[in-house]
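Data first, discussion second: the structure below is written as structure tokens.
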Amino acid sequence: MSRRPRRDPERVGGMVGRVLAELGHEAAGPAFALFDAWASALGEDAAHAEPVDLRGGVLLVSVRSPVWSQQLQMRRTEILASLRAELGEAAPSELRFRVDPDPSGRVG
Numbered sequence: 002m003s004r005r006p007r008r009d010p011e012r013v014g015g016m017v018g019r020v021l022a023e024l025g026h027e028a029a030g031p032a033f034a035l036f037d038a039w040a041s042a043l044g045e046d047a048a049h050a051e052p053v054d055l056r057g058g059v060l061l062v063s064v065r066s067p068v069w070s071q072q073l074q075m076r077r078t079e080i081l082a083s084l085r086a087e088l089g090e091a092a093p094s095e096l097r098f099r100v101d102p103d104p105s106g107r108v109g
């Protein structure tokens, strides 16, 4: 029995965005718009931070390290302005960052 080749782990946000894109914007609704706007606002830095929850206008973001948390804290105003420009009233009003070095939940 042959083994499938191993691939590098992929962040859930990237997979969700891709699946929602395949389904179309209508099927995804606001969730797709948020992931899309997040990727646009952060550019390449989006690989280090992933939106995980939106409640009461507060977007909780999982980041890979304290360094990324600090970096994005310093860009908070810029990020929120970009999200507001793309999402309008649906944009979060606040960002909170949580350090999660291994978002996949792997052990070992």
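Residue numbers (our numbering): 2 to 109. Every residue gets a Cβ at the ideal spot worked out from N, C-alpha and C, and that includes glycine. None of these values were measured; they are calculated from a predicted model.
Taking all protein chains shown into account, Ser-41 has fewer than 16 neighbouring C-beta atoms within 10 Å of its C-beta and is therefore exposed. Per DSSP, Ser-63 is one residue of the beta strand (DSSP E) stretching across 59-64. DSSP places Pro-67 in no beta strand (DSSP E) but in the uninterrupted alpha helix (DSSP H) bounded by 67-75. With fewer than 16 other beta carbons inside 10 angstroms of its own, Glu-95 counts as exposed.
Taking the Cα of Arg-56 as reference, the smallest distance to any Cα among Pro-93, Phe-98 and Gln-72 is reached at Pro-93. At a Cβ-Cβ threshold of 8 Å, Arg-97 and Val-64 do not count as neighbours. Rounded to whole angstroms, Asp-46 and Val-100 show a C-alpha spacing of 15 Å.
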